[in-house]
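Engineer: The structure is given below, and queries will be raised subsequently.
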DNA sequence: TTGAAAGCGGTACCAA
DNA sequence: TTGGTACCGCTTTCAA
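Given below as structure tokens:
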């Protein structure tokens, strides 16, 4: 392994000069820069990132802590994050927390130990303890959910999206929309249920909310519970794409056809939403942009913006009407 | 930031003893271990991973270089990798290469600079240059595609899967299957086209292969090209899930219904495959297992198995017949 | 502008 | 078994 002293010897200069030359320090003579670069090239020198990190007291890593990369929304977020990070010369540490506070805490520990430059966290809930990070001045940007007023956050306007979607159901003539909602301790799930409730109440109706896990099973369970009621809803607002998969399976099992026997729409647009029959009406979230924006904000913090006011950005959702919600 | 000397002072021992105690070195007296752990706990000591890495000449990171985390197959692979890595105390660096040799090379450089413990690479093609890694004894395991006989690889049996799928189409009574194939320079695409060709020839038919990119656009393009032929195929073997989305869109545009007007099946099972109408027949690949298995093999190499023979593991695919391929 | 040298925070060798 | 200390490779201050 070639190191800096080897290059220095080859170029006939001091190690410090090599370091400066290679890092484009302005105070190095042109002749020296050339000599150093030639020597480095000749020897195939590759700087040791670990040593640099130790000396500089900071790395070029950022940690991305999300519940599950398998979830389509988070996949897109990750893609946005990675694109911006690469652009900024940062590498992404992928951490799946599985909505598990313990795993989340473990990863926060890793982020600290490994001295990451910053953390993007989709927190299990607002109680997530990031004090270890803030105490050590490691910038944090919350994704999709918030972490209190003092922490940067990029979210989507779930309340508005859910309200708009539910109002659309009612406008279409469905008289009794129900809600397949996510876990009560997850902020986005709460927001979406809230938007739903607001819209139903505004129309003088009675909200019917069933909470379940934020996955396929949760979708199937809540759909079953709602439809097994004595006074079942005639349409469903589903809180997430993963849940929608479960809901659709349950409807299929019961021989219920969306858009005919029951109205249905869901959060998150997916590639398959328009391929199923009938095509699924969705509340689209700009997932990629959420990731990209959050990453950009984190980069700003890393580049020295610690004195900036905390910024809470909410990106707009968009209702895409397809067949499943029509009457 | 508390460091090891602080703990040493608090515990009244030498720094080396603290290090040994905290790393469960067997030669430390119980009393000392206790004192050190108490002191560390009291001061809230967190080891500095960067310093440890520099001294040990190795980190606890592995790089996962895949074309695109947005691709369902790779998402599942990533999940498998991450689960095994966490179990082994390793963190995953996420790198999207976008099937771009330059980006791939960049990330290989990062892996080297950052002294990762190992690399999982889904190579753009067999020419991918990993000499930087092998020369520096950084273990590499290829995922989904191979890197020559000397490098560990975990793949799925694409040839067999494609042959079985195409044979199924023919058995169902489709007389002229065509193939929406991926790029000619990607190994898996070649394998799948090969399996398709073998099956068609075995049945005495004429292979019709159209190559396109491994994405939605490529699916739409190849489907259009195939169907615009003077002697169009009456059924399609599609090379990947992403392509299938494009193919389906193109069929829809032309008013062709799978399983009635045209037979169709694709590689990769997805959550939506059984929700569309008709449900999609697929060749399922054990994506999660591919990632998990590859990660396990990499961990073995990292834990000192550099003298092991290179192992090439091929995981079986499974044909899942649904409606889209029936006649 | 360049060079010498002191660390960054652990680890592991060597001596006691 | 424990302590002292050199060292991992780079950056950066200080002196020349």
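Chains as they are written, first to last, in the UniProt record's numbering: chain S, 1 to 327; chain Y, 1 to 327.
We put the CB at the ideal spot given by N, CA and C, even for glycine.
Where does residue 25 (chain S) land, buried or exposed, given buried means 16+ other C-beta within 10 angstroms?
Structural biologist: Numbered from its first residue, the first chain carries residue 25 (chain S) at position 25. Exposed is the call here.
Engineer: Which chain S residues are close to residue 45 (chain Y), counting only those with a beta carbon under 7 Å from its beta carbon?
Structural biologist: If you number the second chain from 1, residue 45 (chain Y) lands on position 45. The premise fails here: residue 45 (chain Y) is roughly 11 Å from chain S at the closest Cβ pair, so nothing lies under 7 Å.
Engineer: Considering only residues of the same chain and omitting the five flanking positions on each side of residue 256 (chain S), which have a CB-CB separation below 6 Å?
Structural biologist: For this step, residue 256 (chain S) is matched to residue 256 along the first chain. Hits under 6 Å: 262.
Engineer: Could you tell me which uninterrupted alpha helix (DSSP H) segments, each at least 4 residues in length, are contained entirely in the stretch 41-104 of chain S, listed from first to last along the chain?
Structural biologist: List check, alpha helix (DSSP H) in window: 49-56, 72-87.
Engineer: Residues bridged to residue 177 (chain Y) by DSSP?
Structural biologist: Taking the first residue of the second chain as 1, we reach residue 177 (chain Y) at position 177. Answer by DSSP bridge pairing, in chain order: Y:235.
Engineer: What does residue 214 (chain Y) pair with, by DSSP beta-bridge criteria?
Structural biologist: Residue numbering aside, residue 214 (chain Y) sits at position 214 when the second chain is read from its first letter. The partner list for residue 214 (chain Y) (beta bridge, DSSP) is empty, contrary to what the question assumes.
Engineer: Leaving out five residues on either side along the sequence, give the residues of the same chain with a beta carbon under 7 Å from the beta carbon of residue 32 (chain S).
Structural biologist: As a working note, residue 32 (chain S) is residue 32 in the first chain. Counting only Cβ-Cβ distances below 7 Å, and skipping sequence neighbours, we find 13, 17, 21.
Engineer: Would DSSP call residue 27 (chain S) helix, strand or coil?
Structural biologist: By 1-based counting over the first chain, the position of residue 27 (chain S) is 27. If DSSP states are grouped into helix, strand and coil, residue 27 (chain S) belongs with coil.
Engineer: Looking at the secondary structure, which residues open and close the alpha helix (DSSP H) in which residue 169 (chain S) lies?
Structural biologist: Your numbering for residue 169 (chain S) matches position 169 in the first chain. It spans 158-171 - the alpha helix (DSSP H) in which residue 169 (chain S) sits, taken as one unbroken run.
Engineer: Below 8 Å on C-beta distance, what does residue 112 (chain Y) contact in chain S?
Structural biologist: To locate residue 112 (chain Y), count along the second chain from 1; it is residue 112. 46, listed in chain order.
Engineer: Give me the Cβ distance between residue 276 (chain Y) and residue 277 (chain S), rounded to the nearest whole Å; I'm assuming they're in contact under 8 Å.
Structural biologist: Sequence index remark: in the second chain, residue 276 (chain Y) carries index 276 (1-based). Sequence index remark: in the first chain, residue 277 (chain S) carries index 277 (1-based). Right, the Cβ-Cβ distance comes to about 7 Å (below 8 Å), so this counts as a contact.
Engineer: What number of angstroms, rounded off, separates the C-alpha of residue 133 (chain Y) from the C-alpha of residue 148 (chain Y)?
Structural biologist: Position 133 of the second chain, counted from the start, is the residue given in the question as residue 133 (chain Y). Position 148 of the second chain, counted from the start, is the residue given in the question as residue 148 (chain Y). Whole-angstrom Cα-Cα distance: 14 Å.
Engineer: Per DSSP, which residues does residue 258 (chain Y) bridge with? Please list them.
Structural biologist: Residue numbering aside, residue 258 (chain Y) sits at position 258 when the second chain is read from its first letter. In the DSSP output, where bridge partners are listed per residue, residue 258 (chain Y) has Y:262.
Engineer: Could you round the C-beta distance between residue 114 (chain Y) and residue 109 (chain S) to whole angstroms and report it? I think they count as a contact, below 8 Å.
Structural biologist: Against the second chain, residue 114 (chain Y) aligns to sequence position 114. Against the first chain, residue 109 (chain S) aligns to sequence position 109. In fact, because the Cβ distance is near 20 Å, the residues do not count as touching under 8 Å.
Engineer: When DSSP builds the beta bridges, which residues end up paired with residue 319 (chain Y)?
Structural biologist: Counted from its first residue, the second chain places residue 319 (chain Y) at position 319. DSSP, once it has assigned bridges, lists Y:283 as partnering residue 319 (chain Y).
Engineer: I think residue 165 (chain Y) touches residue 181 (chain Y), with their Cβ atoms under 8 Å apart; what is that distance to the nearest whole Å?
Structural biologist: Along the second chain, read from residue 1 onward, the residue named residue 165 (chain Y) stands at position 165. Along the second chain, read from residue 1 onward, the residue named residue 181 (chain Y) stands at position 181. Contact doesn't hold; Cβ gap of about 13 Å is too wide.
Engineer: Name the residues in the stretch 93-124 of chain S whose C-beta lies less than 7 Å from a C-beta of chain Y; which are they?
Structural biologist: Flagged, chain order: 93, 94, 96, 110, 112, 113, 114, 115.
Engineer: What number of angstroms, rounded off, separates the C-alpha of residue 116 (chain Y) from the C-alpha of residue 91 (chain Y)?
Structural biologist: Position 116 of the second chain, counting from 1, holds the residue named residue 116 (chain Y). Position 91 of the second chain, counting from 1, holds the residue named residue 91 (chain Y). Cα to Cα, the separation comes out at about 10 Å.
Engineer: Using beta carbons (cut-off 8 Å, strictly below), is residue 277 (chain Y) in contact with chain S?
Structural biologist: As a working note, residue 277 (chain Y) is residue 277 in the second chain. So yes, residue 277 (chain Y) belongs to the interface.
Engineer: Would you call the stretch 307-322 of chain Y and the stretch 151-167 of chain Y touching, i.e. three or more CB-CB distances under 8 Å?
Structural biologist: Yes: the two stretches touch, three or more of their Cβ pairs being nearer than 8 Å.
Engineer: At 8 Å on the CB atoms, spell out the chain S contacts of residue 78 (chain Y), in chain order.
Structural biologist: As a working note, residue 78 (chain Y) is residue 78 in the second chain. The answer, in chain order, is 69, 94.
Engineer: In chain S, what lies closer than 7 Å to residue 53 (chain Y) by C-beta?
Structural biologist: Counting from 1 along the second chain, the entry for residue 53 (chain Y) is found at position 53. By Cβ distance, chain S contributes 50.
Engineer: Ends of the beta strand (DSSP E) at residue 121 (chain S)?
Structural biologist: Stepping through the first chain from its first residue, residue 121 (chain S) is reached at position 121. 118-121 is the span of the beta strand (DSSP E), which, as asked, contains residue 121 (chain S).
Engineer: In terms of DSSP beta bridges, what is residue 242 (chain S) paired with?
Structural biologist: Position 242 of the first chain, counted from the start, is the residue given in the question as residue 242 (chain S). Bridge partners of residue 242 (chain S): none, in fact.
Engineer: List the residues of chain Y whose Cβ lies closer than 9 Å to the Cβ of residue 330 (chain S), in chain order.
Structural biologist: Lying outside 1 to 327, the shown extent of chain S, residue 330 (chain S) is not represented and no answer is given.
Engineer: Mind pulling the chain S residues with CB within less than 7 Å of residue 191 (chain Y)?
Structural biologist: Numbered from its first residue, the second chain carries residue 191 (chain Y) at position 191. Residues of chain S passing the Cβ test: none, with the nearest at roughly 24 Å.
Engineer: Can you list, in chain order, the residues of its chain whose CB lies under 8 Å from that of residue 209 (chain S), leaving out five sequence neighbours each side?
Structural biologist: Here residue 209 (chain S) refers to the residue found at position 209 of the first chain. The answer, listed in chain order, is 178, 179, 181, 193, 196, 197.
Engineer: For the beta strand (DSSP E) containing residue 142 (chain S), list its first residue and its last residue.
Structural biologist: Stepping through the first chain from its first residue, residue 142 (chain S) is reached at position 142. Here the beta strand (DSSP E) through residue 142 (chain S) covers 140-143.
Engineer: Quick one: Cα of residue 9 (chain Y) to Cα of residue 19 (chain Y), how far?
Structural biologist: Counting from 1 along the second chain, the entry for residue 9 (chain Y) is found at position 9. Counting from 1 along the second chain, the entry for residue 19 (chain Y) is found at position 19. Whole-angstrom Cα-Cα distance: 13 Å.
Engineer: Contact between the stretch 129-143 of chain Y and the stretch 294-302 of chain Y: three or more CB pairs below 8 Å?
Structural biologist: Counting Cβ pairs under 8 Å, three or more are found: they touch.
Engineer: Assuming residue 36 (chain Y) and residue 5 (chain Y) make a contact with CB atoms under 8 Å, what is their CB distance in whole Å?
Structural biologist: Translated into positions along the second chain, residue 36 (chain Y) becomes position 36. Translated into positions along the second chain, residue 5 (chain Y) becomes position 5. Contact flag wrong, Cβ pair sits at about 13 Å.
Engineer: I'd like to confirm the pairing. Which residues does DSSP put opposite residue 314 (chain Y) in its beta bridges?
Structural biologist: For the purposes of this step, residue 314 (chain Y) is taken as residue 314 along the second chain, with counting starting at 1. For residue 314 (chain Y), which the question treats as bridged, DSSP gives the partners Y:155.
Engineer: In whole angstroms, what separates the C-alpha of residue 173 (chain Y) from that of residue 293 (chain S)?
Structural biologist: One-based indexing of the second chain puts residue 173 (chain Y) at position 173. One-based indexing of the first chain puts residue 293 (chain S) at position 293. Using only the alpha carbons, I get a separation of about 52 Å.
Engineer: Which first and last residues belong to the alpha helix (DSSP H) in which residue 189 (chain S) is found?
Structural biologist: Locating residue 189 (chain S) in the first chain gives position 189, counting from the first residue. Residue 189 (chain S) -> alpha helix (DSSP H) spans 187-202.
Engineer: So what does residue 302 (chain S) bridge to, in DSSP terms?
Structural biologist: Along the first chain, one-based indexing puts residue 302 (chain S) at 302. According to DSSP, which records beta bridges pairwise, residue 302 (chain S) is partnered with nothing at all.
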